Amino acid sequence: MTGHAAETVTSAWSMYRAIVGIGAFCALVIVVVFQSTAERIRDNQARFLAAAISEVLPETRETVAVTRSENGRLEATSDSLPLPVFLAYGSGGDLAGAVVTAQGMGYQDNIRVIYAYSFAENAIVGFKILESKETPGLGDRVEIEPHFIANFVALDVSLDSSGTALKNPIVTVKQGEKNGAWQIDGITGATITSEAIGNLLNDSAGSWVPVLERDARTIAPPESK
Amino acid sequence: MAKKTITPTDEFVKGLWRDNPVFVQVLGMCPALAVSNTALNALAMGLATTFVLLMSGLSVSLLRNFIPREARIVCYICIIATFVTSVDYLIMALSLELHRALGAFIALIVVNCLILGRAEAFASKNTPARSLLDGLGMGIGFTLALLFIGVVREILGSGSLFGYPVLPDTFQTWTVMVLPSGGFFAMALWLLIVNRIKKKAADAARKPAEVTA
Chain A
1 MTGHAAETVT
11 SAWSMYRAIV
21 GIGAFCALVI
31 VVVFQSTAER
41 IRDNQARFLA
51 AAISEVLPET
61 RETVAVTRSE
71 NGRLEATSDS
81 LPLPVFLAYG
91 SGGDLAGAVV
101 TAQGMGYQDN
111 IRVIYAYSFA
121 ENAIVGFKIL
131 ESKETPGLGD
141 RVEIEPHFIA
151 NFVALDVSLD
161 SSGTALKNPI
171 VTVKQGEKNG
181 AWQIDGITGA
191 TITSEAIGNL
201 LNDSAGSWVP
211 VLERDARTIA
221 PPESK
Chain B
1 MAKKTITPTD
11 EFVKGLWRDN
21 PVFVQVLGMC
31 PALAVSNTAL
41 NALAMGLATT
51 FVLLMSGLSV
61 SLLRNFIPRE
71 ARIVCYICII
81 ATFVTSVDYL
91 IMALSLELHR
101 ALGAFIALIV
111 VNCLILGRAE
121 AFASKNTPAR
131 SLLDGLGMGI
141 GFTLALLFIG
151 VVREILGSGS
161 LFGYPVLPDT
171 FQTWTVMVLP
181 SGGFFAMALW
191 LLIVNRIKKK
201 AADAARKPAE
211 VTA
């Protein structure tokens with residue numbers, strides 16, 4: 001090693017060698033880690049979704065993923081969609097309900113939720129937040145506040161006489177002012193988040209419930225095992 | 001001037017207290033303040049950072065004669081980003097819940113100045129073994145500091161510790177402690193305590209010297 005501090009010019013070759021060499025090494029490491037964890041990550045995501053489905057609709061035994069075709073008909077799908085929708089079947093193979101994931105803008109970032117629609121009650125009967133970055137202690141109370149969660153025991157989403165739109169749009173009202181089965185009792189201090197949930201449910205249910213009501217019974221239930 | 005020999009133990013211990021990255025060097029404030037709202041988040045963030053510190057310290061030290069000075073920053077960042085990406089996948093494979101809680105801050109470990117700082121100031125000039133010890137010490141020091149902040153914030157802000165309730169229900173939780181500003185309050189509290197202890201120790205060390213002089 002030379003001890004003097006004289007300026008030595010680094011050759012372009014040694015710089016190329018270092019940057020390209022390290023780049024290639026790093027790419028290799030990332031690919032190896034990605035390949036070796038991909039399967040477990042997929043499993044985790046599937047388990048997470050399955051747990052969420054049975055949480056919002058406990059009688060679910062089997063599910064069929066569905067999507068809307070280009071002409072607006074409901075059809076079974078095997079693709080993994082960003083916002084999947086499932087028809088849920090109970091132990092007897094009967095249609096227990098539909099489980100829909102939806103997304104909308106909250107206070108900080110997108111809120112992603114999953115909810116269960118009951119064909120028998122024409123209502124949302126289960127609800128869970130999958131992903132939210134709402135303010136801790138304020139907006140995130142939508143996940144724990146008992147009176148807010150109680151909104152989703154039976155939130156009315158019945159259709160109007162034409163069968164193409166909700167009879168009453170879902171709206172979030174001020175805390176304690178709920179007087180209709182289609183209203184969401186909001187949370188003081190989490191106004192924006194509770195309104196965001198009302199809006200995203202209204203949009204999602206408004207577009208999915210008419211299609212589900214019309215076509216869900218035409219979809220073949222899964223082969224019972 | 002006689003140069004004091006630095007033992008490998010010194011390399012490890014200095015990160016824990018004397019050169020603690022958070023309380024003394026005040027580095028890596030973004031994750032220290034943002035992800036310390038619960039003790040568990042703080043612990044996970046600290047461990048993820050420790051892993052990146054160890055791996056990047058080792059790699060930079062092994063490659064220190066191969067990396068030309070002019071291109072060192074791009075090489076260090078590339079190495080650090082690789083290990084951060086790996087940690088991101090590993091945490092996702094371990095627990096999606098944890099990944100949700102840490103959110104964007106995992107990716108932001110790349111720009112944690114503590115890691116680039118150790119690569120530049122230490123690993124690029126020392127052997128791999130010493131760099132590993134330095135990284136381990138700094139990482140544990142960082143984790144402990146985050147944990148200290150996280151414990152205070154979780155107890156006061158949520159009345160719990162690692163998710164278990166520790167305060168009676170009658171306790172009115174301080175919401176401000178789980179908000180970003182709570183991070184500054186807890187940080188200031190610990191800086192006050194650490195600096196007071198350090199000052200006392202320094203005073204005590206100077207006293208005998210003054211007497212003999």
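These protein sequence lines are chains A and B, in that order.
The first sequence lines up with residues 1 to 225 when you count with the numbering used here.
The second sequence lines up with residues 1 to 213 when you count with the numbering used here.
Beta carbons: idealized from backbone N, C-alpha and C, even for Gly.
No experiment lies behind these values; they were computed from the predicted model shown.
B:Val52 versus B:Ala32 - alpha carbon distance: The alpha-carbon atoms of B:Val52 and B:Ala32 are separated by roughly 16 Å.
I'd like to check one pair, A:Val157 with A:Ala98: are the Cβ atoms closer than 8 Å? Taking 8 Å as the Cβ cut-off, A:Ala98 and A:Val157 do not qualify as a contacting pair.
So, at 6 Å on beta carbons, what are the nonlocal neighbours of B:Ala186 in its own chain, with the 5 sequence-adjacent residues on each side left out? Annotation for B:Ala186: Ile149, Val152 and Arg153 place their beta carbon closer than 6 Å to its own, counting only its chain and skipping 5 residues before and after.
Taking Cβ to Cβ, would you say A:Ile197 is nearer than 8 Å to A:Val113? Contact flag set, yes.
Straight-line CA distance for A:Gln45 to A:Pro82? Going from the Cα of A:Gln45 to the Cα of A:Pro82 covers about 12 Å.
Beta-carbon proximity of A:Gln175 to A:Ile192, cut-off 8 Å: A distance of 8 Å or more separates the beta carbons of A:Gln175 and A:Ile192.
Within 8 Å (strictly less), CB to CB, does B:Phe105 reach chain A? It does not: the Cβ of B:Phe105 has no partner Cβ on chain A nearer than 8 Å.
Can you grab the Cα-Cα spacing for the pair A:Val125 / B:Arg72, in whole Å? For A:Val125 and B:Arg72, the distance between alpha carbons rounds to 58 Å.
In whole angstroms, what separates the C-alpha of A:Thr2 from that of A:Ala12? Any reading at A:Thr2 must be qualified, since the residue scores a pLDDT of 47, below 50, and its modelled position is unreliable; no value is offered.
Considering only residues of the same chain and omitting the five flanking positions on each side of B:Thr175, which have a CB-CB separation below 8 Å? Excluding residues within five positions, the ones whose Cβ falls inside 8 Å are Gly157.
Complete runs of the beta strand (DSSP E) confined to the stretch 53–126 of chain B [at least 3 residues]: Taking only runs of at least 3 residues, no beta strand (DSSP E) segment lies wholly in the stretch 53–126 of chain B.
I'd like to know whether the C-beta of A:Gly90 is nearer than 8 Å to at least one C-beta of chain B. A:Gly90 does not count as touching chain B.
B:Arg196: buried (16+ other C-beta within 10 angstroms of its C-beta) or exposed? Exposed, because fewer than 16 other Cβ atoms sit within 10 Å of the Cβ of B:Arg196.
Quick check: is the beta carbon of A:Arg243 nearer than 8 Å to any beta carbon in chain B? In the structure as shown, chain A begins at 1 and stops at 225. Residue 243 of chain A is therefore absent and cannot be evaluated.
Going by the CB atoms, is the gap between A:Thr60 and A:Thr67 shorter than 8 Å? With contacts defined as CB atoms closer than 8 Å, A:Thr67 and A:Thr60 fail to qualify as a contacting pair.
Using only CA atoms, which one of B:Arg18, B:Leu114 and B:Thr143 lies nearest to B:Lys199? Its Cα nearest to that of B:Lys199, the residue B:Arg18 stands out among B:Arg18, B:Leu114 and B:Thr143.
May I have the straight-line CA-CA distance separating B:Leu192 from B:Tyr164, to the nearest angstrom? The alpha-carbon atoms of B:Leu192 and B:Tyr164 are separated by roughly 28 Å.
For B:Glu142 and B:Ser131, which I take to be in contact (beta-carbon distance under 8 Å), what is that distance rounded to the nearest angstrom? A quick correction: the sequence has Phe, not Glu, at residue 142 of chain B. With 8 Å as the limit, B:Phe142 and B:Ser131 do not qualify as a contact, their Cβ atoms being about 16 Å apart.
Assess, as a yes-or-no matter, whether the stretch 104–124 of chain B is touched by the stretch 201–215 of chain A under the definition of 3 or more beta carbon pairs within less than 8 Å. As far as the Cβ criterion goes, the stretch 201–215 of chain A does not touch the stretch 104–124 of chain B, which means the pair count is below three.
Quick one: list the residues of chain B neighbouring A:Gln45, beta-carbon separation under 9 Å, in chain order. Taking a Cβ-Cβ cut-off of 9 Å, the neighbours of A:Gln45 in chain B comprise Met92 and Leu96, given in sequence order.
Endpoints, beta strand (DSSP E) assigned at A:Tyr117: For A:Tyr117, the uninterrupted beta strand (DSSP E) run begins and ends at Asn110 to Ser118, by DSSP.
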